[in-house]
Amino acid sequence: MLSLAVFLPLAVALVLPAVPRRAVPWVWIAVTLADLALVAGMWAAHGTRPGIAYEADVRWIPSVRAGYHVGLDGLSLPLVTLTAVLFAACAVYSVRQTHRVRAFAMLFLFLETVCLGLFAALDLLLFFVFFDLSIVGMYFVILLWGHGDRTASALKFFLYTFLGSLVLLLGFIGLYLGADPHTFDMVELTRHPPLAGSPGLAGLTLLAVGIGLGIKTPVVPFHTWLPPAHTDAPAAGSAILAGVMLKMGAYGFVRIAMPMLPDAWHRYALVFLIVGLVGVLYGALVALAQDNVKRLVAYTSVNHMGYIVLALGAAGYASGHEDARRLAVTGAVTQMVSHGLITGALFLLCGVLHDRAGSYDLGRFGGIARTAPVYAGMLALAAFAALGLPGLSGFIAEFQIFAGTIGSGTTAAAVTGAIAVLGILVTAALFLRVLHRAVLGAPGELSARVGDVRRPELAAIVPLLALSVLIGVAPRALLDTIEPLSAAVTALAGR
Amino acid sequence: MIVALAVTPPAAGALLLLTGRRADRAAPAAGVLVATAVLALAVAAAVTCPVARFAVLPGWPGGLAVDGLSGVLVVTVASVLLAILVFAAAYGYGARFFGLMLLFAGAMLVTVTASDLVLLLMGWEVMGAMSYALIGYEWREAEPVRSADVAFLTTRAADLGLYAAAGFAVAGSHSLALSALGGAAEPWRDLAAAGAVLAALGKSAQLPFSFWLSRAMAGPSPVSALLHSATMVAAGAYLLLRLHPLLAATGWAGTFVAWAGAVTALLLGAVALAQRDLKQLLAASTCAQIGFMVLGAGAGSVPGGTAQLVAHAAVKSLLFLCAGAWLTALGTKQLDELHGAARRYRLVGAAFGAGALSLAGLPPLALWVTKDEVLTAAAERSPALFAVGLAASVLSAAYAAKALFAVWRGTRTDGARVPMPMLARLPLVILAAAACVLGVLGLPGVADALDIPGETRVNGPELAVSGVLAAVTILAVRFARTIPAPAWAADWLFLERAARAGIVRPAFALARALARFDDRFVDGAVRAVARSGPWAAGLAGRGAELRLDGLVTGVGRGARRLAALARRPQTGLVHTYYAQAAVLLAVLVAVAVLAGW
Chain A
7 MLSLAVFLPL AVALVLPAVP RRAVPWVWIA VTLADLALVA GMWAAHGTRP GIAYEADVRW
67 IPSVRAGYHV GLDGLSLPLV TLTAVLFAAC AVYSVRQTHR VRAFAMLFLF LETVCLGLFA
127 ALDLLLFFVF FDLSIVGMYF VILLWGHGDR TASALKFFLY TFLGSLVLLL GFIGLYLGAD
187 PHTFDMVELT RHPPLAGSPG LAGLTLLAVG IGLGIKTPVV PFHTWLPPAH TDAPAAGSAI
247 LAGVMLKMGA YGFVRIAMPM LPDAWHRYAL VFLIVGLVGV LYGALVALAQ DNVKRLVAYT
307 SVNHMGYIVL ALGAAGYASG HEDARRLAVT GAVTQMVSHG LITGALFLLC GVLHDRAGSY
367 DLGRFGGIAR TAPVYAGMLA LAAFAALGLP GLSGFIAEFQ IFAGTIGSGT TAAAVTGAIA
427 VLGILVTAAL FLRVLHRAVL GAPGELSARV GDVRRPELAA IVPLLALSVL IGVAPRALLD
487 TIEPLSAAVT ALAGR
Chain B
-13 MIVALAVTPP AAGALLLLTG RRADRAAPAA GVLVATAVLA LAVAAAVTCP VARFAVLPGW
47 PGGLAVDGLS GVLVVTVASV LLAILVFAAA YGYGARFFGL MLLFAGAMLV TVTASDLVLL
107 LMGWEVMGAM SYALIGYEWR EAEPVRSADV AFLTTRAADL GLYAAAGFAV AGSHSLALSA
167 LGGAAEPWRD LAAAGAVLAA LGKSAQLPFS FWLSRAMAGP SPVSALLHSA TMVAAGAYLL
227 LRLHPLLAAT GWAGTFVAWA GAVTALLLGA VALAQRDLKQ LLAASTCAQI GFMVLGAGAG
287 SVPGGTAQLV AHAAVKSLLF LCAGAWLTAL GTKQLDELHG AARRYRLVGA AFGAGALSLA
347 GLPPLALWVT KDEVLTAAAE RSPALFAVGL AASVLSAAYA AKALFAVWRG TRTDGARVPM
407 PMLARLPLVI LAAAACVLGV LGLPGVADAL DIPGETRVNG PELAVSGVLA AVTILAVRFA
467 RTIPAPAWAA DWLFLERAAR AGIVRPAFAL ARALARFDDR FVDGAVRAVA RSGPWAAGLA
527 GRGAELRLDG LVTGVGRGAR RLAALARRPQ TGLVHTYYAQ AAVLLAVLVA VAVLAGW
């Protein structure tokens, strides 16, 4: 069932060349929706039970004990669902795309399989394969359908994140060699953490895994591939890159680094706290100074991912209050989902702007709400969601992160958490600046060109915002799913 | 029922916003209808004190609950909301206005009924966002939007305290319940108190945050009427009243809060007296009057602070509605252009008069009783606190009298009289009556009947002194030739300028500097590494590879030479082979001997 959901998009991508050109967008939408239905059905059937469901374990490379091992739990279910939602939204958004539609659809279907596979993977080698393939897929998306200086941006994206994945592979080999018997199986590695007796090697492995995942997340100072990649990627590509692919890094921290290297994690928890805090403040401040709205949203991703790293750092303090650490982990996972929805919506909205006026420059717009009231309303809602307004998902995530981080009761976590709260003020300032300069006030140079949203755009963006509202108003369905997992991770990291 | 009370206004508001302009015609009726239902629910809730226990976050129980204090607040919010929406319905606002107002009031209802920090913060922040949308209601102009930005960012800066306080509460009491805060462990209790006080002072526009309330005047008058009375600014005062056990437990927080309120009442009283714009005068007076509530909360007089809150809500919503009526009819809110406005519109004038005299603290009107209840509590704390409070109450008599005489003095001859909608008069009459009689809340026994914690103390001589002072001050203002308006007071103590110069500009400068740093150095380092790739490749190509290649060639050449050398012994002649074998054997024997066999 899970493998079907993972490989359905790829299978359809392979037969897509046989589909008549005019039917391609509709087939693409139908597949993503079917996949979404499958995933949602799996979540509904699994409910909020703890443990791994839909497990499949097939021998793959027995000589290194690597298998095709997949399954879903409270961490992967929300992310797999998020992936399916975002890919469906991108398919709907791209229905009017004219440039090489078939190849575009095939590439996105391929990417969907890769992203779903990554979140379902329970084997390090399988995880790594999907991790690398996602980079390859996104490289072509930016290179072939991007705009501006796309060749350079795509190359930078590819080389930088590929380098990251190589460092990650080193870390995985470290985990493999540290395990007794040697294995790449995540469940095994979590049950018996490798390198328990050699803190030096465990530290080095954590360093490699941390840098590899950190580049993808991205954490400061490894973030500079992100702004150009986003600026020059097509809207749907940006939405997937920020909404799904950035989560791979953060997901890896929760899935791999914390439970498999618990000793090293709490020895170096302070590093994660500080890296997270720097990401929060630095990302928000640099975003405040941007005039290109897509670059601005890209830097806010650095800020939002910073909260996750901060929370996971706080959860690493074994001496901290257990319930608070669990709250921090739940907040971090909620933030992954919430950021995917909100930033996905924001990038699609940026795409609308570029589609109409060919520019992302804030200074050239103004008073868009006159000609495009619905667009203005959606942008305002997305902006308030991103700045953490209650009633929307960002608040639920960030509140838990702050309360959990500060509340864990250790001095370092309380101090960094209390300083990190400043991040939501800067984020508020920068999103109000966007609204002020682009949406409200007197009309700008390009404002007349911005007509209101079209139906496909509306159909793609509204569900993302609606889900954000749903999580903001009634978070329990999501939180109850995550809760057993975060309890488990907190316990594992506290060993 | 309590859930219905908290959910109905935001749900109806969101529905109106989603429907958009199509709902413009139905919006006033719908808004008034919902507000009426909310008032009925609020009264029922205040009587039955319902409780709904649930947890927004799993494992952190909380919920909504109505007790004595919340009961008074929900009824106040619902009544003021209904009065203002009826007034606004007469002036033909659209769906966006009614939607936002309902959301705004709904957020306040959640705030005052929340029994845990998550729900409190949810209502608290949504209220701030709605104030942004309502202050920037005229979004086509740049200035209201800028004012909305200032208001939202200032209050959010203070709200950070509440986010941090939630974390400190978790650390100190392992709970998010408001009732557990007072018993939190040290040092978390002090930190939580500090955070909550910061947030409350910001929301209530107390010093040093007062300037945002001046900016909030950019919104339509009905918005000001709601924002200055029963929502937003009142939320800060409510939080301090609610958290009174926490303030008392820390010791320092109560004193600090009391002084913050007293000093705000005094200084913003002076600011109000210096204003030339009626709405700005009323805004500064709001800060000052909220100062009395904050003083009450700090000095331990929860009944006094609550009574002041309720009476002030009636008075201030009334005054803003009157100002709005004149603004629509006469097109001005400048005090010296409003001469005779009260005589032209007598009903509005009479209502404004009642409100202003109550604001002045003239016996036996509402604010006279409630303010003095607070001052009595302050006097028990410290004489200095009482002296500052009394001076502030003299100032409130002065600014109220200034506004009163500005609109009642002289007659107007210009222009035609625009008739005032009938529907708009009703709320004015009711609010004016409330502004006169709500002093009963300060009578002994009433607070107990309403189940508000704490003791009501009334000090007869003190009441008499302050009443006489108010009357004398009003007369003095009547016959004063000029009223001093120093620049520091006219410009709101230069608070906004200070915030811009001290915080906003440095923050933007830092942001720009970091952005340059990010481009030049962080990304520059990456680019340098990237450039070093081709450079290293070039180096390898030109230098190392030639040498390596040379090495390989050299090895080959050496091998050929060795081969040539090795060919030479192979002559094909048997005697040379024997000779070679003999030499080799001799060498082996020599080696064996030398090695010591």
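Taken in sequence, the protein lines are chains A and B. Under the numbering used here, think of the first position of the first sequence as 7, with each following residue one higher. Under the numbering used here, think of the first position of the second sequence as -13, with each following residue one higher. The C-beta atom is built at its ideal place from N, Cα and C for all residues, glycine as well.
{"Check": "Within-8 Å CB hit, MET87 (chain B) to chain A", "Outcome": "no"}
{"Check": "Rounded C-alpha distance that separates ALA389 (chain A) from LYS300 (chain A)", "Outcome": "13 Å"}
{"Check": "Assigned secondary structure, GLU61 (chain A) (DSSP; H/G/I helix, E/B strand, else coil)", "Outcome": "strand"}
{"Check": "C-alpha distance - ALA157 (chain B) paired with ARG517 (chain B), whole-angstrom precision", "Outcome": "49 Å"}
{"Check": "N- and C-terminal bounds of the beta strand (DSSP E) containing TRP46 (chain B)", "Outcome": "46 to 51"}
{"Check": "C-alpha distance - ALA290 (chain A) paired with LEU496 (chain B), whole-angstrom precision", "Outcome": "11 Å"}
{"Check": "DSSP bridge partner residues for PHE40 (chain B) (one or two, in chain order)", "Outcome": "B:GLY48"}
{"Check": "Residues of the region 384 to 396 of chain A with Cβ closer than 7 Å to any Cβ of chain B, in chain order", "Outcome": "PHE390, LEU395 and PRO396"}
{"Check": "Below-8 Å beta-carbon distance, TRP125 (chain B) vs any chain A residue", "Outcome": "yes"}
{"Check": "Chain-ordered chain B contacts of THR502 (chain A) [CB-CB under 8 Å]", "Outcome": "One cannot answer for residue 502 (chain A) here, as it falls past the ends of chain A, which runs 7 to 501."}
{"Check": "TRP151 (chain A) - DSSP class collapsed to helix/strand/coil", "Outcome": "helix"}
{"Check": "Residue interval of the alpha helix (DSSP H) (run including TYR385 (chain B))", "Outcome": "369 to 394"}
{"Check": "Min CB distance TYR99 (chain A) to chain B below 8 Å", "Outcome": "no"}
{"Check": "Proximity test, Cβ basis, 8 Å: VAL156 (chain B) and chain A", "Outcome": "yes"}
{"Check": "Contact list for ALA135 (chain B) against chain A, beta-carbon separation under 7 Å", "Outcome": "Note that residue 135 (chain B) corresponds to Asp in the displayed sequence, not to Ala. The contacting residues are LEU438 and HIS442."}
{"Check": "Three CB pairs or more closer than 8 Å across the region 181 to 191 of chain B and the region 123 to 132 of chain B", "Outcome": "no"}
{"Check": "Chain A contacts from the region 205 to 238 of chain B (Cβ-Cβ distance under 9 Å)", "Outcome": "none"}
{"Check": "Run of the alpha helix (DSSP H) containing VAL512 (chain B), from where it starts to where it stops", "Outcome": "509 to 525"}
{"Check": "Close-in-space but distant-in-sequence residues of the same chain around THR141 (chain B) (CB under 7 Å, 5 per side omitted)", "Outcome": "GLY114, GLY188, LYS189 and TRP198"}
{"Check": "Segment contact flag, the region 475 to 493 of chain A with the region 331 to 340 of chain A, C-beta cutoff 8 Å, min 3 pairs", "Outcome": "yes"}
{"Check": "Extent of the continuous beta strand (DSSP E) run through TYR74 (chain A)", "Outcome": "72 to 78"}
{"Check": "Simplified DSSP state of ALA43 (chain A), which is helix, strand or coil", "Outcome": "helix"}
{"Check": "Backbone secondary structure at ASN298 (chain A) - three-state DSSP", "Outcome": "strand"}
{"Check": "Residue range of the unbroken alpha helix (DSSP H) whose run includes MET112 (chain A)", "Outcome": "107 to 126"}
{"Check": "Buried or exposed (CB count within 10 angstroms, at least 16 for buried), ILE460 (chain B)", "Outcome": "buried"}
{"Check": "According to DSSP, residues forming a beta bridge with ILE70 (chain B)", "Outcome": "Looking at the DSSP assignment, ILE70 (chain B) forms no beta bridge with any residue, so it has no partner."}
{"Check": "Whole-number beta carbon distance between ARG362 (chain A) and GLY457 (chain A), since they are thought to touch under 8 Å", "Outcome": "6 Å"}
{"Check": "Between the CA atoms of VAL303 (chain A) and ALA161 (chain A) - distance to the nearest angstrom", "Outcome": "The amino acid at residue 161 (chain A) is misidentified as Ala; the sequence shows Leu. Straight-line Cα distance between these residues: approximately 21 Å."}
{"Check": "Beta-carbon contacts of LEU436 (chain A) that lie in its chain and below 6 Å, excluding the five residues immediately before and after", "Outcome": "ALA293 and LEU294"}
{"Check": "Ranges of the alpha helix (DSSP H) found wholly within the region 308 to 380 of chain A, counting only runs of at least 4", "Outcome": "328 to 363 and 374 to 377"}
{"Check": "Sub-8 Å separation of GLY347 (chain B) and ALA383 (chain B) beta-carbons", "Outcome": "yes"}
{"Check": "Beta-carbon contacts of GLY500 (chain A) that lie in its chain and below 8 Å, excluding the five residues immediately before and after", "Outcome": "PRO268, HIS272, ALA324, GLU328 and ARG331"}
{"Check": "Rounded C-alpha distance that separates LEU146 (chain B) from ILE141 (chain A)", "Outcome": "38 Å"}
{"Check": "Identity of the residue in B:PRO413, B:THR292 and B:ALA299 nearest GLU359 (chain B) by Cα", "Outcome": "B:THR292"}
{"Check": "ALA170 (chain B) burial status per 10 Å Cβ neighbour count (16 or more: buried)", "Outcome": "buried"}
{"Check": "Where ALA375 (chain A) meets chain B, residues with beta-carbon distance less than 7 Å", "Outcome": "TRP125"}
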